[in-house]
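Undergrad: Taken in order, these protein sequences are the chains called A and B. Residue numbers for the first sequence follow our numbering, so the first one is 993 and each next one is one higher. Residue numbers for the second sequence follow our numbering, so the first one is 4 and each next one is one higher. The C-beta atom is built at its ideal place from N, Cα and C for all residues, glycine as well.
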Amino acid sequence: MSVGTLPEVKRGLVGAAFQSKSFALGFAVTAVFILAALLSLIWTPYDATALAVSDKLKAPSGLHWFGTDHFGRDIFSMIMVGARTSIAVAFVAVGIGIAAGVPLGLWAAAKQGSLVDEIIMRANDLVFAFPALLIAILITAVFGPSAINAIIAIGIFNIPVFARLARGAALTLWTREYIFAARVAGKGAVRISAEHILPNIMNLLIVQGTIQFSLGILADAALSYVGLGAQPPTPSWGRMLADAQTMISLAPHMALFPGAAIVLTVLGLNLMGDGLRDLFDPKLRRSRS
Amino acid sequence: MTLLQIDNLSLNILGLEILSDVRFEVDRGDVVGVIGESGSGKSMTALSIMQLLPHGTEVSGSIRLDGEELLTKTEKQMCAVRGADVGMVFQEPMTALNPVKTIGDQVAETVMIHRGASRTEALSIARETLNRVGLPEERFPLSRYPHELSGGQRQRVVIAMAIALRPKLLIADEPTTALDVTTQAQILTLLKRLVDEDGMGLILITHDLAVVADIADRIVIMKSGEVVEAGPAVQLFRAMQHPYSKALMAATSHHPVRNAPKVELDAVPVLEVKSVVREYALPRKSLFAKPGAFRAVNEVSFKIHKGENVGLVGESGCGKSTLTRAILALEGTQAGEIRVGGELVTTKAGASAAARRKMQVVFQDPYGSFNPRHKVRRLVTEPFYLMGRDAPTGSALEARIAEALENVGLQPRDAEKYIHEFSGGQRQRVAIARALITHPSLIVLDEAVSALDVSIRAQILDLLADLSERLDLSYLFISHDLSVVRAITDRVMVMKAGKIVEAGETEAVFSNPQHEYTRQLLAATPDLEAALKRREIASA
């Protein structure tokens, strides 16, 4: 894509994006969590790993905004650091899905009907057929639980999603006349995929990426809930929920805040994805105005 | 009393005026041809009658069917009118039918909704209607699915759906545009017969004057949302008043001025096709049987010399597109040889860049031919990829871009624009510029003017004729439209079922066709002048 053209297109898109209520709301919610995660790198109200048994199970107050847990750790600080873990895991996992899935999908589309296509797509089906959590447990059982292994496990399950999407979208583009024109100009499949197809399916990938991102956050929470994500003392939303389970009648705030954080982030990302989808779909855009 | 009376119909969508002051009428048993180019408002007029307008539309004026005002009817009342009193036939028979329902069910559906008839009763009406539209029971049982039918047969099913309840008015919006010429002629005859049998009114919307010349009783010519001229068909055609109508008429039968090229028969031909065979594998009949093959191109041979324009005509499925893709080295062949300027295209490794550089292509769809994200500069220079390191750069590149754009009547500064800033006709000019930029000796024009309005088509044909003479280009002009081929080519080849059945000088083939199939094609091609003469003789 030529550099000079980007800003113009982008300005139009960004302007239109914030016309959509769902996108604006989703973007705002997501931005709050991303900012909190970034801020936690340099500042948190308390040390999120510091134990203070004397302050345990404090209800939310001016001192501890979200209260403290059964070890006296400040829940607000833990949620900020937990946001960092969750967002990092989901982001890298989506990155793995896009980096591996999109080229595979484009390759399969370029060689439609060939053995390569068949192998890629059947391998995709195979990964799809496994329950994601089961594989994640398997990976962590073999290699030990850690945030890295959670990323790999979630990332693997993002690959077929993007491969399938990229292949489907690319297949319709391969029958366009401008692709024929490029082939008449002697361009090969790799070049055509990079130059003509990828830029034209980018919008779909961005929308799917946003939605996979929210699913990644959920998956990370699920893995750390069962103790297979980031290991203590690093705080994570899933484990905070697991810890809160036994204390639910004693200190409901311990479950409330991490739970709310997960719900809000996922909701925000999904709203953003919906908004983007409307934006990129000309038919929906027309009916909205 | 007239059947349909449209008065002062004005329509705007979100403040944009689409129709203004449209008025015409349709009598029982009358065929009214509504003619106009894209954007003339002819389809919007039809949708207004059906009250199927997009959201945000404001309508004023009056549309009376049998004296009843349609514009003031509620959506619920309109549902009773649609299908029962007014039927509609759309352009694209491939998408107008539901692929998962049988043709019997689809025709019966209308009957059941409006008459409250039982299923058996509705199916028997459906059967009778399908017989009427020429789909007899023996060959087309009600249990057929749309995918089992050809395009023309599907259009007959669509017509059956529209007339099942014997509506007073039938609206056909470009009913034959997506069909082959022989099928088109049959569908037009069918529509005329149904009008005569049922005494309904027919509004036939089309961009093609010749299509309506044979069957329309009255003509309405529209431009930019207004009726510019209306009147009885033969009279109107013979004495057109409005300058736009005259221009439209002239564009329809436009022949660019051409001088016959000097062909050097002993020189290396620009394109040589020698007994080319292209087969597609058919699905296996059983697990162990060898899959059969479908021969799309069967032992085709021909030559094109420098400066010569050669037409390739045939109906859909005859193999002309497959042959084109083989010539352009987009697909392999099973036997035979293709040489472009002496260079072999049909090698195992695919065509060399040197061979590819000698040929370029212009496609049918001016909207799908360009990557929407690139500027014209990048679009037209794409073929330079074939020249590798020899591709011009810097000021030489600028000069080549300017040259190509000026050759097709655009400005060099248009290189900085995006493709969406151009109209359909201008886009086709950009497509031609892209084909010209490597200075090829052969340009394959694959239905290159079929999607254009008649007036734009005339301009593009002029441009093509001028370019071929000025730059000594050869064209392989592929089309289903015989009148266009006649206007632009020196020689013509007629293709049927993978074989070339007739070839020769264009004028000789058209005026004295030898093969039975060529005669059929020519007879089916709408011819404005001939139709008018026939009708004048009949009425005299």
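Between the C-alpha atoms of A:Ala1222 and A:Thr1077, what's the straight-line distance to the nearest angstrom?
TA: One-based indexing of the first sequence puts residue 1222 of chain A at position 230. One-based indexing of the first sequence puts residue 1077 of chain A at position 85. Cα to Cα, A:Ala1222 sits roughly 8 Å from A:Thr1077.
Undergrad: Straight-line CA distance for B:Asp456 to B:Ser278?
TA: Position 453 of the second sequence, counted from the start, is the residue given in the question as residue 456 of chain B. Position 275 of the second sequence, counted from the start, is the residue given in the question as residue 278 of chain B. So the two alpha carbons sit approximately 37 Å from each other.
Undergrad: Between B:Tyr148, B:Leu145 and B:Ile128, which lies nearest to B:Ile166 when the distance is taken from Cα to Cα?
TA: Walking along the second sequence from the start, residue 166 of chain B turns up at place 163. Nearest C-alpha to B:Ile166: B:Ile128.
Undergrad: Taking three-plus beta-carbon pairs below 8 Å as touching, is the region 45–60 of chain B in contact with the region 250–259 of chain B?
TA: Not touching, per the Cβ criterion.
Undergrad: For B:Asp183, tell me which candidate among B:Leu531, B:Ala527, B:Val103 and B:Asn312 has the shortest Cα-Cα distance.
TA: The sequence position of residue 183 of chain B within the second sequence is 180, counting from 1. Answer by Cα proximity: B:Ala527.
Undergrad: Can you confirm whether B:Gln363, when its beta carbon is compared against all beta carbons of chain A, has any partner nearer than 8 Å?
TA: Residue numbering aside, residue 363 of chain B sits at position 360 when the second sequence is read from its first letter. Yes, B:Gln363 counts as interfacial toward chain A.
Undergrad: Does any residue of chain B have a CB that is nearer than 8 Å to the CB of A:Ala1174?
TA: Residue 1174 of chain A sits at position 182 when you count from the first residue of the first sequence. Judged by the 8 Å Cβ criterion, A:Ala1174 is in contact with chain B.
Undergrad: Quick check: B:Gly86 and B:Ala236, are their CB atoms within less than 8 Å of each other?
TA: Numbered from its first residue, the second sequence carries residue 86 of chain B at position 83. Numbered from its first residue, the second sequence carries residue 236 of chain B at position 233. Not in contact: B:Gly86 and B:Ala236 (Cβ atoms no closer than 8 Å).
Undergrad: Between which residues of its own chain and A:Leu1268 is the CB-CB distance below 8 Å, once the five residues before and five after are set aside?
TA: Along the first sequence, one-based indexing puts residue 1268 of chain A at 276. Around A:Leu1268: Ala1009, Phe1015, Asn1195, Ile1198, Val1199 and Thr1202.
Undergrad: Determine contact between the region 435–454 of chain B and the region 507–515 of chain B, defined as no fewer than three beta-carbon pairs at a distance below 8 Å.
TA: As far as the Cβ criterion goes, the region 435–454 of chain B does not touch the region 507–515 of chain B, which means the pair count is below three.
Undergrad: For a cutoff of 8 Å on Cβ pairs, would you count A:Glu1169 as touching chain B?
TA: To locate residue 1169 of chain A, count along the first sequence from 1; it is residue 177. A:Glu1169 counts as touching chain B.
Undergrad: Rank B:Arg489, B:Ser458, B:Gly44 and B:Ser453 by C-alpha distance to the C-alpha of B:Val231 and give the top, closest one.
TA: For the purposes of this step, residue 231 of chain B is identified with residue 228 of the second sequence, where counting begins at 1. Measuring from the Cα of B:Val231, the nearest candidate turns out to be B:Gly44.
Undergrad: How many angstroms separate the CA atom of B:Lys309 from the CA atom of A:Asp1270?
TA: Sequence index remark: in the second sequence, residue 309 of chain B carries index 306 (1-based). Sequence index remark: in the first sequence, residue 1270 of chain A carries index 278 (1-based). Approximately 52 Å, taken between the alpha carbons.
Undergrad: Using a Cβ-Cβ distance under 8 Å, would B:Arg437 count as near chain A?
TA: Along the second sequence, read from residue 1 onward, the residue named residue 437 of chain B stands at position 434. True, the Cβ-Cβ gap to chain A drops below 8 Å.
Undergrad: State the start and end residues of the unbroken beta strand (DSSP E) segment that holds A:Leu1055.
TA: The sequence position of residue 1055 of chain A within the first sequence is 63, counting from 1. Per DSSP, A:Leu1055 belongs to no beta strand (DSSP E) and is neither H nor E.
Undergrad: Could you tell me the alpha carbon to alpha carbon distance between B:Asn15 and B:Leu22, rounded to whole angstroms?
TA: Sequence index remark: in the second sequence, residue 15 of chain B carries index 12 (1-based). Sequence index remark: in the second sequence, residue 22 of chain B carries index 19 (1-based). B:Asn15 and B:Leu22: Cα-Cα distance of roughly 7 Å.
Undergrad: Rounded to a whole number of angstroms, what is the C-alpha to C-alpha distance between B:Leu525 and B:Ala216?
TA: As a working mapping, residue 525 of chain B is identified with position 522 in the second sequence. As a working mapping, residue 216 of chain B is identified with position 213 in the second sequence. When rounded, the distance between both Cα atoms is 16 Å.
Undergrad: Count the other CB atoms within 10 Å of the CB of B:Thr123; is the residue buried (16 or more) or exposed (fewer)?
TA: By 1-based counting over the second sequence, the position of residue 123 of chain B is 120. Burial call: exposed.
Undergrad: Which class does B:Leu428 belong to by DSSP, given the choice of helix, strand or coil?
TA: The residue given as residue 428 of chain B occupies position 425 in the second sequence. Sequence check: residue 428 of chain B is Gly here, not Leu. Here B:Gly428 sits in helix by DSSP.
Undergrad: Three-state secondary structure (DSSP) at A:Gly1007?
TA: Here residue 1007 of chain A is taken as the residue at index 15 of the first sequence, counted from 1. Note: A:Gly1007 maps to helix in three-state DSSP.
Undergrad: Where DSSP assigns a beta bridge to B:Pro259, which residues make up the other side?
TA: One-based indexing of the second sequence puts residue 259 of chain B at position 256. Its beta-bridge partners do not exist; DSSP assigns none.
Undergrad: Between the Cα of B:Thr113 and those of B:Pro149, B:Ser426 and B:Ile162, spot the shortest distance and give me the residue it belongs to.
TA: Stepping through the second sequence from its first residue, residue 113 of chain B is reached at position 110. Considering only alpha carbons, the answer is B:Ile162.
Undergrad: Just the C-alpha distance for B:Gln414 and A:Val1021, rounded to the nearest angstrom, thanks.
TA: Start at 1 with the first residue of the second sequence, and residue 414 of chain B comes out as number 411. Start at 1 with the first residue of the first sequence, and residue 1021 of chain A comes out as number 29. About 49 Å.
Undergrad: Could you tell me which chain B residues have their CB closer than 7 Å to the CB of A:Pro1191, listed as they occur along the chain?
TA: Taking the first sequence and counting its residues from 1, one reaches residue 1191 of chain A at position 199. Going along chain B in sequence order, the residues near A:Pro1191 (Cβ under 7 Å) are Arg376.
Undergrad: At which residues does the beta strand (DSSP E) containing B:Tyr478 begin and terminate?
TA: For the purposes of this step, residue 478 of chain B is taken as the residue at position 475 of the second sequence. Taken as a continuous stretch (DSSP letters only), the beta strand (DSSP E) holding B:Tyr478 covers Ser477 to Ser482.
Undergrad: Going along chain A in order, which residues have a C-beta closer than 9 Å to the C-beta of B:Phe297?
TA: Counting from one through the second sequence, the residue named residue 297 of chain B turns up at place 294. Simply none; closest approach about 16 Å.
Undergrad: For B:Gln94 and B:Thr192, which I take to be in contact (beta-carbon distance under 8 Å), what is that distance rounded to the nearest angstrom?
TA: Against the second sequence, residue 94 of chain B aligns to sequence position 91. Against the second sequence, residue 192 of chain B aligns to sequence position 189. Not really, about 18 Å apart at Cβ, beyond 8 Å.
Undergrad: Please name the residues in the region 1177–1209 of chain A whose beta-carbon is closer than 7 Å to at least one beta-carbon of chain B, in chain order.
TA: Within the region 1177–1209 of chain A, the residues whose Cβ lies closer than 7 Å to some Cβ of chain B are Ala1177, Gly1178, Lys1179, His1188, Pro1191 and Asn1192, listed in chain order.
Undergrad: What residue ranges within the region 428–510 of chain B form continuous alpha helix (DSSP H) runs of no fewer than 4 residues, ordered along the chain?
TA: If we require 4 residues or more, the alpha helix (DSSP H) runs fully inside the region 428–510 of chain B come out as 457–473 and 485–491.
Undergrad: Could you name the residues that DSSP lists as bridge partners for B:Ile206?
TA: In the second sequence, the residue the question calls residue 206 of chain B occupies position 203. B:Ile206 is bridged to B:Val35 and B:Ile174.
Undergrad: Would you identify the three-state DSSP class for B:Leu1, choosing helix, strand or coil?
TA: This structure cannot speak to residue 1 of chain B, because chain B is shown only from 4 to 543.
Undergrad: So B:Arg281 and B:Ala329 are in contact, right, with Cβ under 8 Å, and what is the actual spacing, rounded?
TA: Residue numbering aside, residue 281 of chain B sits at position 278 when the second sequence is read from its first letter. Residue numbering aside, residue 329 of chain B sits at position 326 when the second sequence is read from its first letter. Contact holds; Cβ gap of about 5 Å.
Undergrad: Report yes if the C-beta distance between B:Leu315 and B:Phe480 is below 8 Å; otherwise report no.
TA: Mapped onto the second sequence, residue 315 of chain B falls at position 312. Mapped onto the second sequence, residue 480 of chain B falls at position 477. Yes, the pair counts as a contact, with Cβ atoms nearer than the cut-off.
Undergrad: Please report the residue range of the alpha helix (DSSP H) in which B:Glu200 lies.
TA: Here residue 200 of chain B corresponds to residue number 197 of the second sequence, with the count starting at 1. It spans Val184 to Asp201 - the alpha helix (DSSP H) in which B:Glu200 sits, taken as one unbroken run.
Undergrad: In the structure shown, what three-state DSSP assignment does B:Ile218 receive?
TA: Numbered from its first residue, the second sequence carries residue 218 of chain B at position 215. Note: B:Ile218 maps to coil in three-state DSSP.
Undergrad: Among B:Val504, B:Ile66, B:Ala188 and B:Thr5, which one has its Cα closest to the Cα of B:Ser13?
TA: In the second sequence, counting from the first residue as 1, residue 13 of chain B sits at position 10. Here the closest residue by C-alpha is B:Ile66.
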